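Scroll down for the structure; my scribbles are underneath it.
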Amino acid sequence: MYSKKGNKYAVVDLEATGTGSKAKIIQIGIVIVQDGKIQETYQTDINPYEKLDNHIKELTGISDGQLAQAPDFGQVAREIYELIGDAIFVAHNVKFDANLLAEALFFEGFDLLTPRVDTVELSQIFFPTFEKYNLSVLAEKLDLNLDQAHTAIADAMATAQLLLKIQEKIRSLPKQTVGQILDLADNLLYESRLVIDEIYPHLSDYLSERFELVHGLVLKKPAVTPSPRQLSTDFALNLALLGLEKREQQAIFADAVSHRLASPSGVHFIQGQAGIGKTYGYLLPILSQTSQAVLVVVPTKVLQGQVMENEGKNLADTFHISLSSIKAARHYLHLGKFSEVLEGQDDNRLMNLCKIQVLVWLTETETGDLDEFQQQYRFPTFYDAIRHDGQLLEQSFFQGWDFWEKVQKKARMSRVLVTNHTYLLEHIKDQSALFTHRILVVDEAQRFLLAVEEFSSQTMDLAQILQLLQSKRDKATDLLEKRLLESTSYELDRISKLRGRGCALVSQDLQQIRQNLAELRDNDLQELADMLVRFDDFWLEDKHVDDRRVPYLRGSFAEMMNLQEFLSFEKQFYISATLQLTKYLTMADLLGFEDVTADTLPSQPVENQQIFLPTDLPNVLDYEESEHAHYIAQRLISLKELQEPMLVLFTSTSLLLSVSEILEQMDVPHLAQHKYGTDLQLKKRFECGEGKLLLGTGAFWQGVDFAQQDKMLLVLVRLPFDHPEDRLTQKINHSLRQSGKSPFYDYSLPMMMVRLKQALGRTNRRQEQRSAIILLDPRLLSKKYGKQVRDFLSKDYILDKTPVAHLNEKIQAFLEGGE
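Everything in the sequence shown is counted per UniProt numbering, starting at 1 for the first residue and increasing by one.
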């Protein structure tokens, strides 16, 4: 059936009247691939003898008039069958195209019995770190020619090029790896393994010097780092070498860092305007003017990844600076665990496909960071089974190749080490050798305060503890032990049923439990016992999992943690867009520092952003959540008419999900946090144009940058105030009252304005980027403090008060003004 030359592949794409079983073909594109080359193409329109709906017309660009002139399928059926009948049928999502075409040919008297290959699944296994596998995303990633998406011949040609890329990737892999893939290849859809079978015999038995074989696994050898290049002491010259333009505000910021570097030691707070490029502003002076290693600490793992992918990669490529990033052990692959999983027999198709993905990835990754996989959500239990636990036995086969071991070694040797706020706080004591003798730079220092509070507290799931107590009570034979367990269970159950956000507990609520645990001396309950002794402030928190209320007990210290005593770095920099909260209160005060230097750099008007304040907003703060959600959805649908990418920031996850549900009901395409993947995945999908409407909260306020879009809309649903019942807020308010300060005007209001300014900086990452900010909170115009907020914003931004009816017109005029 197949020529000795090699497999003949017929790459097919169909456009149809719909996606259901009754759909009719309206366009066919076929590309014949053989011996690694495109040999022949075929295309034709097909008259379906029915009108197209508007969606299909818009998607394909095909008109009813065009199809009226086309042949019906019977006129071209023989020609198509003779072209593809002796070939392997290939398509991107082959089930749809093959079934539809086979059925159409059958009714014309031709049986299409060819093998089938699916390029979606082949792409997933041979390009395992991509976040999406639709043809448009693959075209961008792999440089496929797809100028006219959703026309049959263009999609078929792009899929043919994709097939060639897949073949090329297979040829680049070690034969040992491809052999292991073939052992699992029967799990691929249809006959997709034929593409691998064709190439495998021609692969070299010789293992390239790029790889090493370690106890049955082929790993990529780490790249040899070239000798570092000396940076210039001229900041502008270093920028030019990095391919970047000089920015006045960034240069002023770098000068401030240079000035503080000249002092032998100290703690330095530097306030610089958002969006000026502060990362280069502190890294280049430190790297060029000192020989010391530097520790960069950012708020989130997402931002940590961004620094490594952007500034870090640029510095490494240009100056050969050794950089590394470190996260908790669970983010890395445990080679021993994966080896055991690989050897195990499993009937789960998805599990086996994940094994293939990891085999391919091991030939590519140098870090072993599982976060490189963008689709872990498809089978989280598999990834949990192969995660590192931070332990490596001395007799392990993979001693010396273990990723967690190598990451730590590289981190110790690197000139620049990047981590996140939480990791630093949790490991500064047990990994002191990793952090010692470095210059500490805490970026976005205003968020460090929250990380410190999280670190100095502990949370326990009461439902899990109650289950454990029940199990122990059922097994207990000693009468005293049984009564102590019953008493503890009763007290915890009573506490867990208390209601209210941040419900505070008094000492008497926990005294009986402390006493019971002290008498029990049970190792399984020791963590709870230690928590009740360690902390002096306790409260309940609710989490909702699958519509169930799950109560958590949280403990913390009554007093703020003193960082000055906790962090022993000789030289420390704390960087933020806002460090001076009020005339009487600074971020240094809240973090417990007394002897510091403080530089507040001048800001300049932001010309590429404009803030729009609708003057006729209803009093949505009095709305029920459902009413508020419907109002927001209406506003977003109206703003979508501008056809620009739109980021919408919420302060409430519940409200975000309610708006998302309404948009789904109205068939409005969008991406929503907590529903469609991780924060980083959503960011990448949004930036590559997969979705033009993104709903976010949490990290999207201060931890994720959007630099790809030339024009953007940023919608802020509410002013980002702390919830008054949050324990950190209550703790700070108590401290301020004791010192005679106003909790609202000296902390809550300025901290809200800090977050607001940080949010504005998310969509101002390039000078040529323009973004319109729409504030949908009526308090800006209705409350007394609204004037203070407006005055704060007007120092840097143009504020435009305008009725809702004129909003789109005003926004469009501003965005077009940048062209």
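Where a beta carbon is used, it is the ideal one built from N, C-alpha and C, also for glycine. Here the structure is a predicted model, which means the values were calculated and not measured.
Pull up the distance between the alpha-carbon of residue i and that of residue j, whole angstroms please.
i, j, result
"His-427", "His-388", "17 Å"
"Ala-463", "Pro-669", "37 Å"
"Asn-348", "Gln-376", "16 Å"
"Met-561", "Gly-555", "14 Å"
"Leu-113", "Val-90", "13 Å"
"Arg-494", "Gln-458", "20 Å"
"residue 820", "Gly-20", "Because the chain spans 1 through 819 in this model, residue 820 falls outside it and cannot be assessed."
"Gly-61", "Tyr-631", "34 Å"
"Lys-787", "Val-294", "42 Å"
"residue 891", "Lys-741", "Residue 891 falls outside the range modelled here, since the chain spans only 1 to 819, and no answer is possible."
"Leu-162", "Pro-264", "57 Å"
"Thr-600", "Ile-270", "6 Å"
"Ile-732", "Pro-743", "8 Å"
"Ala-104", "Leu-342", "42 Å"
"Glu-198", "Gly-179", "12 Å"
"Asp-791", "Gly-312", "37 Å"
"Thr-597", "Glu-394", "48 Å"
"Leu-621", "Tyr-785", "16 Å"
DSSP puts residue i in a beta bridge; with which residues?
i, result
"Tyr-9", "Val-33, Ile-88"
"Asn-808", "Paired residue(s): none; Asn-808 is not in a bridge."
"Lys-801", "Leu-613"
"Asp-369", "Tyr-332"
"Arg-438", "Ala-293"
"Trp-539", "Ala-504, Arg-554"
"Glu-15", "Gln-27"
"Gly-266", "Lys-571"
"Leu-324", "The identity of residue 324 in the sequence shown is Ser, whereas the question assumes Leu. In DSSP, Ser-324 forms a bridge with Leu-417."
"Ile-774", "Phe-612, Val-715"
"Asp-461", "Tyr-552"
"Leu-647", "Leu-694, Leu-714"
"Glu-212", "Leu-219"
In the DSSP assignment, find the unbroken alpha helix (DSSP H) run with residue i in it and report its ends.
i, result
"Ile-252", "248 to 261"
"Ala-236", "235 to 241"
"Ala-104", "94 to 106"
"Lys-220", "Element bounds for Lys-220: not the alpha helix (DSSP H) but the beta strand (DSSP E), 217 to 220."
"Gln-59", "In the sequence under discussion, the amino acid at residue 59 is Leu, which differs from the Gln named in the question. Unbroken alpha helix (DSSP H) run through Leu-59: 54 to 60."
"Gln-708", "That residue, Gln-708, is in no alpha helix (DSSP H); it is neither H nor E in DSSP."
"Gly-65", "64 to 68"
Can you list, in chain order, the residues of its chain with a C-beta nearer than 6 Å to that of residue i? Leave out the 5 residues immediately preceding and following it.
i, result
"Leu-59", "His-150"
"Leu-567", "none"
"Lys-684", "Glu-131"
"Gln-564", "Gly-592, Phe-593"
"Asn-516", "Leu-484, Ser-487, Thr-488"
In terms of residue numbering, what span does the beta strand (DSSP E) encompassing residue i cover?
i, result
"Pro-614", "609 to 614"
"Gln-273", "Looking at the DSSP string, Gln-273 is not in any beta strand (DSSP E), and its letter there is neither H nor E."
"Gln-572", "571 to 576"
"Asp-493", "Element bounds for Asp-493: not the beta strand (DSSP E) but the alpha helix (DSSP H), 479 to 496."
"Leu-714", "711 to 716"
"Asp-599", "597 to 600"
"residue 836", "Given a span of 1 to 819 for the chain in the structure shown, any question on residue 836 remains unanswerable."
"Arg-116", "116 to 118"
For residue i, which residues of its own chain have a beta-carbon under 7 Å away from its beta-carbon, when the five flanking residues on both sides are left out?
i, result
"His-331", "Asp-369, Leu-370, Asp-371"
"Ser-658", "Glu-625, Ser-626, Ala-629"
"Ala-329", "His-388, Asp-389, Gly-390, Trp-404"
"Tyr-282", "Val-257, Val-441, Phe-573, Ile-575"
"Glu-364", "Lys-220"
"Gln-374", "Thr-129, Phe-130, Glu-131, Gln-681"
Pull up the CB-CB distance for residue i and residue j, whole angstroms please, since I reckon it's below 8 Å.
i, j, result
"Ser-322", "Thr-419", "Their Cβ separation, rounded to whole angstroms, is 15 Å, which puts Ser-322 and Thr-419 out of contact at 8 Å."
"Glu-690", "Val-137", "7 Å"
"Phe-110", "Ala-77", "6 Å"
"Leu-647", "Met-712", "7 Å"
"Met-460", "Leu-528", "6 Å"
"Leu-579", "Ala-445", "7 Å"
"Ser-291", "Ser-232", "At roughly 15 Å, the Cβ-Cβ gap does not stay under 8 Å, so Ser-291 and Ser-232 are not in contact."
At a Cβ threshold of 9 Å, is residue i touching chain C?
i, result
"Gln-292", "In the structure shown, chain C cannot be found, because there is only a single protein chain."
Within its chain, find whatever has a CB closer than 8 Å to the CB of residue i; leave out the 5 residues flanking it on each side and keep chain order.
i, result
"Leu-189", "Val-94, Lys-95, Arg-116, Asp-118, Glu-121"
"Ile-276", "Arg-247, Gln-249, Gln-250, Phe-253"
"Lys-327", "Lys-301, Gln-304, Asp-369, Asp-371, Thr-419, Asn-420, Tyr-423"
"Leu-434", "Ile-326, Gln-408, Ala-411, Arg-412, Leu-417, His-427"
"Asp-35", "Lys-5, Gly-6"
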